[in-house]
Structure formats: structure tokens, C-alpha cells
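Student: Just dropping this structure here.
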Amino acid sequence: MTSCAHYSPYAPPSRSRASAPAPTMWTPDEIAQLCYKHYEIRLPKQGKPEPNREWTLLAAVVKIQFPIYEASDTPDKPVHVTKEVVSMGTGTKCIGQSKMRKSGDILNDSHAEVIARRSFQRYLLYQLQLAATLNKESIFVPGTQRGLWKLRPNLLFVFFSSHTPCGDASIIPMLEFEEQPCCPVIRDQDSSLSLEDSGNVKTPENERKHEDPDGPVTKKMRLEPGTPARFFTNGTAQHGKQDSGSFASGVRGSNLTVERLADVACGAPRSATVVDIYRTGAKCVPGEAEDLRKPGAAYHQVGLLRVKPGRGDRTCSMSCSDKMARWNVLGCQGALLMHFLEEPIYLSAVVIGKCPYSQEVMQRALIGRCQNVLALPKGYGVQELKIQQSDLLFEQSRCAVQTKRADSPGRLVPCGAAISWAAVPEQPLDVTANGFPQGTTKKGIGSLQARSRISKVELFRSFQKLLSSISEDKWPDSLSSACREWEFGRLQKLDTYQEHKEAASAYQEAWSALRKQAFASWIRNPPDYHQFK
Numbered sequence: 001m002t003s004c005a006h007y008s009p010y011a012p013p014s015r016s017r018a019s020a021p022a023p024t025m026w027t028p029d030e031i032a033q034l035c036y037k038h039y040e041i042r043l044p045k046q047g048k049p050e051p052n053r054e055w056t057l058l059a060a061v062v063k064i065q066f067p068i069y070e071a072s073d074t075p076d077k078p079v080h081v082t083k084e085v086v087s088m089g090t091g092t093k094c095i096g097q098s099k100m101r102k103s104g105d106i107l108n109d110s111h112a113e114v115i116a117r118r119s120f121q122r123y124l125l126y127q128l129q130l131a132a133t134l135n136k137e138s139i140f141v142p143g144t145q146r147g148l149w150k151l152r153p154n155l156l157f158v159f160f161s162s163h164t165p166c167g168d169a170s171i172i173p174m175l176e177f178e179e180q181p182c183c184p185v186i187r188d189q190d191s192s193l194s195l196e197d198s199g200n201v202k203t204p205e206n207e208r209k210h211e212d213p214d215g216p217v218t219k220k221m222r223l224e225p226g227t228p229a230r231f232f233t234n235g236t237a238q239h240g241k242q243d244s245g246s247f248a249s250g251v252r253g254s255n256l257t258v259e260r261l262a263d264v265a266c267g268a269p270r271s272a273t274v275v276d277i278y279r280t281g282a283k284c285v286p287g288e289a290e291d292l293r294k295p296g297a298a299y300h301q302v303g304l305l306r307v308k309p310g311r312g313d314r315t316c317s318m319s320c321s322d323k324m325a326r327w328n329v330l331g332c333q334g335a336l337l338m339h340f341l342e343e344p345i346y347l348s349a350v351v352i353g354k355c356p357y358s359q360e361v362m363q364r365a366l367i368g369r370c371q372n373v374l375a376l377p378k379g380y381g382v383q384e385l386k387i388q389q390s391d392l393l394f395e396q397s398r399c400a401v402q403t404k405r406a407d408s409p410g411r412l413v414p415c416g417a418a419i420s421w422a423a424v425p426e427q428p429l430d431v432t433a434n435g436f437p438q439g440t441t442k443k444g445i446g447s448l449q450a451r452s453r454i455s456k457v458e459l460f461r462s463f464q465k466l467l468s469s470i471s472e473d474k475w476p477d478s479l480s481s482a483c484r485e486w487e488f489g490r491l492q493k494l495d496t497y498q499e500h501k502e503a504a505s506a507y508q509e510a511w512s513a514l515r516k517q518a519f520a521s522w523i524r525n526p527p528d529y530h531q532f533k
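In terms of full-length UniProt numbering, the sequence shown opens at residue 1 and continues consecutively.
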């Protein structure tokens, strides 16, 4: 899905990957509308939620292309901007640790944000193939070193998600005012949703299932459908769309309770009271501080690494908040693609659809926890990510479906399927369930047909195909030097997925620095899960 518009920006776009172009080049609502339209038109019925019974989450990467600003251009000169969805994902599920496979042919994490990012990697691989082997127009241009490529200077990428990422970014305080202009907050005592069904919000039934049996039972509070949400931002009530702002130094990288957030802020209306929080189902990782699990707003601690919940079987998948914070330092391309890139591919902005939201919480979760990371390799850095919210609601979100179905019988559940879409010419769509292509039987698992196109093994296969289509004298140094050293017997030739990832030395150095300085408890899969070829 592509859209074009003419704007008159008041300033030329910065060429830093860290910042988005002038705000007039796109708006949060334009990004959201483009993604919703793409979902409606380009994605098949297969894999979408069953009407009035299921809901899902949506995420996408949007390419923003604009003319290069010339010194002779006047500030009011019209600028032609093209916005195009280049990857999209839906999904709400993860597989448990017991279902993980060492062959790399299963999707461990099928949350929409992760599906969209893996689809984006597929798009990047195709664009590299266009540039490196087919000599066709691509988003990449030659870099300064042999075999390396970089983004065209007039391109940016915006990430869209219909909901705040699970984990730290979804722990949002609720405010109750003495004078309420809208429907009151009420206690939800009759929900029967499971923890996984409920998305980012824990229901009372699940509190009883998952809390310490000896701990207090907390009744979840929610807003009535259709109620304009009021959000808590460092002690200040926030309404409607939000733009990114500075991160409060008193909260930076801290393991604080939500109540403590109010202590480091100022300017909260005297009539505003934190009555509860939106909760996340993501669990604190081993080695991190634990949630306090006290009643109301003191249930969670914030700023912590978390893993996504599973049904009885613990997952090894880090929360989307944690993963997106990592992408903001290491880039979205991953280790393999860094062999071909002169610099990481960073997102310039994140747009969130209409949902419970806090600008300060998003800022803390995606940027603040990592902003003091130092000594990163050349080209890497904590990005000044622009974060905004749209006023447009995703029609197949939990909130929207719940409002539509009113008193319909049966419970509302998350859609079990995930959809992947990438802007590539061959088989752009991929519909999966439980980590495999939808319809895969137990007997079929292990076959080529039972692999998602965005699984680790398939993305690795695409990487190998790209590498084999390039003559060795044009290989990047990170790959050609390994072969030369192998010829002299000093290094084994790169063979496995793990070996190719480890050979991206600058990426691994940056990842090591990030773990040591900010994410020491990050759960990493054992090496034997990456030994496939």
C-alpha cells in the first residue's frame, strides 16, 4: 500500500538515522490509516480474526521517501513524500520452551511486532538482492567499503503498532479525577479471559491463577468501552495524541514502582489520583527484581526485562518492549544482514494506534533504559526515536471488537493465527499457527513445506542464496576474510547459522555492550538451537 502527498516542510530532513523528517511530512493518523487500509485490502481473510469472537494485534514498517533537500530550495517549496507499507504482521501468540526446535523451522514468537520485523528483514534481503546481484533500483546504494551497502539518503522507516508493546511499555497508571468528564472507572469482576487471551491486561480471574496464593488478590480496573482514556505521564494527566519528550532523569533505567514515578515528577493535577495500572502478562526474567504484586498501582515494578507468558509452559521470548529497545540500539536488520550493510537499519519513529497509552512510559521502555549505554562500535548508538500516538483505533483490536459485540454470547479470544506480509514479488504472504504454516500436520513437521518464510532457517537460506549469487571477490570483508583464514587453516569455514551470526563482529560487539550495560538478564537461546545449516 502506497500513498503520496505534497507537503511544505519548515525545515530540511535531517540525514541522521536517529530522527524523523520534519513533522509535516507525515502524521500519526496518516501512518495508522495507511496500515489499516493495507491490512484490509492486501491481507487475506485466512488468518484474520473470526468476526465478533476473536481479536488480534497489527504491526507494520512504513517506508517514507522524500526528495533530497538542496541548498537552493526554499523552505516553502512543496515536497513530494511517498509512504509505503513494506512489511506487516499480525499475531498475539508465543510457543512454550518445550516446543522450541533446534532446526530453526518454527516461529518462537508470533506477536505482531516481531512478525512485522521479521517480514521487514525479508524485504531487506530482497532489496539487497536487487542492488548486489540484479543491478536494479533498490533502497540501497553502494557503501564506501567493498561488498557493503547503505540506505539511500532520502529514505526513513516508521514502525506502526496498533497497541503499546507488551512488557514495560504497557505498564500504564490509571488516573481517577475528582471531576470526571467521562464515564467512571469501574471494577471488572466478571471477566473469564485467560492470561494469554487478555493481551496486556490481566483480569481478576488470572490474578488468582498467577499470583502468589498467599498474596493479595487485586481486582483489575478498566475503562468502560468508548470512554476516552486518561493517561499518566510522570504525574501529569495526558489526553489524546502525544509527541515524544525528554526522559525524566529520576526514572532512567530504574527498577521503580509506578507509585515512585509520581514522586520524581511534578505538575500533577491535585485532583488526579493513581487508582490502578494497566498490567502486562509478561513475567520478570530470572535474575531481575520481582514484581511487588501489591494491590492497585503497586502491583508491578517498571523498567525490568520481561518474558512473554505461555499457557503453563514458560516461553523464552523477551517482551516486545525489550525487543524494540534492543532494535533501537542494534538496528532492525539483525546480525546476518550486517555482513552486507555499512550501518544498521534504524527506525526513525514509532506510531502507536489508539489504546491505553503513556508518552513517558513509552519513552522509558524503548529509549530510557538504554540511553546510558556507552562504548558502542562505529555506526551504532541509542537512537533519538520519535514516538507518537494516533487517534485511530484498529477495528480488529480487542477493545474495538469488545465494543461491537456488546452482549454477544461466548467469550472474546485472541486469534490463533499470525499473518506475515513483505513487499517481495514471490509469495509475500505467510499465515502461521503455533509457529508453523497454517494447516501443518504433526506428520508434516520437518518438511520444507512446514517452514514459515520468516523462520530462522528460511531467512538464513535467503541469506545464503544472496551470498552464493555474489562472486567471492566482491564479498564483504567480514565473510571473505573468514574464507581466506580458512584456506590457511587458522579458522574453520563459516557453515552454521550461529557461525555466520558470530562473524558479524561489530554487531556482536554492540550486542555485548548492550547486555553488559543495560540488559544483563536477557534470556538467550542455547547455542545448540542455532547450529542448523
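We put the CB at the ideal spot given by N, CA and C, even for glycine.
Would a C-beta distance cut-off of 8 Å place I31 and V351 closer than the cut-off?
Tutor: Within the sequence shown, the letter at position 31 stands for residue 31. Within the sequence shown, the letter at position 351 stands for residue 351. Yes.
Student: Distance, Cα to Cα, A513 vs F160?
Tutor: Counted from its first residue, the sequence shown places residue 513 at position 513. Counted from its first residue, the sequence shown places residue 160 at position 160. Their Cα atoms are separated by approximately 28 Å.
Student: Whose CA, out of C35, W55 and K48, lies closest to the CA of V401?
Tutor: What you label residue 401 is simply residue 401 of the sequence shown in a count that begins at 1. Out of C35, W55 and K48, W55 has the C-alpha closest to the C-alpha of V401.
Student: Use the C-beta contact count for T440: other C-beta atoms within 10 angstroms, 16 or more gives buried, fewer gives exposed.
Tutor: Taking the first residue of the sequence shown as position 1, residue 440 is located at position 440. So T440 counts as buried.
Student: Assuming M88 is part of the alpha helix (DSSP H), what are its boundary residues?
Tutor: As a position in the sequence shown, residue 88 is number 88, starting the count at 1. Counting along the chain, M88 falls outside any alpha helix (DSSP H), though it belongs to the beta strand (DSSP E) covering V79 to T90.
Student: Taking the Cβ atom as the reference point for each residue, do A59 and E113 lie within a distance shorter than 8 Å?
Tutor: Stepping through the sequence shown from its first residue, residue 59 is reached at position 59. Stepping through the sequence shown from its first residue, residue 113 is reached at position 113. Yes, the Cβ-Cβ distance between A59 and E113 is below 8 Å.
Student: Taking only the alpha-carbon atoms, compute the straight-line gap between S478 and Y507 and give it to the nearest angstrom.
Tutor: Start at 1 with the first residue of the sequence shown, and residue 478 comes out as number 478. Start at 1 with the first residue of the sequence shown, and residue 507 comes out as number 507. The alpha-carbon atoms of S478 and Y507 are separated by roughly 11 Å.
Student: DSSP three-state call for P286: helix, strand or coil?
Tutor: The residue you call residue 286 lines up with position 286 of the sequence shown. It is coil, neither helix nor strand.
Student: Looking at C-alpha atoms only, which residue of F157, Y123 and A132 is the closest neighbour of W26?
Tutor: Start at 1 with the first residue of the sequence shown, and residue 26 comes out as number 26. Nearest option by C-alpha distance: F157.
Student: Which runs of the beta strand (DSSP E), 3 residues or longer, sit entirely within the stretch 309-382?
Tutor: Runs of the beta strand (DSSP E) inside the stretch 309-382: 349-352.
Student: Note down the Cα distance separating A417 from E342, rounded to an integer number of angstroms.
Tutor: Translated into the one-based positions of the sequence shown, residue 417 becomes position 417. Translated into the one-based positions of the sequence shown, residue 342 becomes position 342. Cα to Cα, the separation comes out at about 36 Å.
Student: Could you check if N328 is buried or exposed, using at least 16 other CB atoms within 10 Å of its CB as the buried criterion?
Tutor: In the sequence shown, counting from the first residue as 1, residue 328 sits at position 328. Looking at its Cβ environment, which holds 16 or more other Cβ atoms inside 10 Å, N328 is buried.
Student: Take the Cβ of I68 as the centre, count every other Cβ of all protein chains shown within 10 Å, and call the residue buried at 16 or more, exposed below.
Tutor: Here the question's residue 68 lines up with position 68 in the sequence shown. Label assigned to I68: exposed.
Student: Please report the residue range of the beta strand (DSSP E) in which I419 lies.
Tutor: In the sequence shown, residue 419 corresponds to position 419, counting from 1. Start and end: A417 to A422.
Student: Mapping the DSSP letters down to three states, classify K456 as helix, strand or coil.
Tutor: Within the sequence shown, residue 456 is the residue found at index 456, counting from 1. Residue state, collapsed to three classes: helix.
Student: Is DSSP giving W511 helix, strand or coil here?
Tutor: Residue numbering aside, residue 511 sits at position 511 when the sequence shown is read from its first letter. Looking at W511 - three-state DSSP - the assignment turns out to be helix.
Student: Quick one: using the 10 Å Cβ neighbour count with 16 as the cut-off for buried, is V185 buried or exposed?
Tutor: Position 185 of the sequence shown, counted from the start, is the residue given in the question as residue 185. Only weak support exists for where V185 lies, its pLDDT of 33 falling under 50; the coordinates are left without a value.
Student: Note down the Cα distance separating K99 from L374, rounded to an integer number of angstroms.
Tutor: Numbered from 1 along the sequence shown, position 99 holds the residue referred to as residue 99. Numbered from 1 along the sequence shown, position 374 holds the residue referred to as residue 374. Those two C-alpha atoms are separated by around 37 Å.
Student: Can you name the start and end residues of the alpha helix (DSSP H) that T56 belongs to?
Tutor: Here residue 56 refers to the residue found at position 56 when the sequence shown is read from its first residue. No alpha helix (DSSP H) contains T56, which DSSP labels as neither H nor E.
Student: Give me, in chain order, the residues of the same chain whose beta-carbon lies closer than 6 Å to that of R314; leave out the 5 immediate sequence neighbours on both sides.
Tutor: Position 314 of the sequence shown, counting from 1, holds the residue named residue 314. So the list reads Q97, once near-sequence residues are dropped.
Student: Sort Q333, F66 and K516 by Cα distance to P78 and report the nearest one.
Tutor: Locating residue 78 in the sequence shown gives position 78, counting from the first residue. Ranking Q333, F66 and K516 by Cα distance to P78 puts F66 first.
Student: Which residue from P428, L128 and C332 puts its Cα closest to that of L467?
Tutor: Taking the first residue of the sequence shown as 1, we reach residue 467 at position 467. Among P428, L128 and C332, the Cα nearest to that of L467 belongs to L128.
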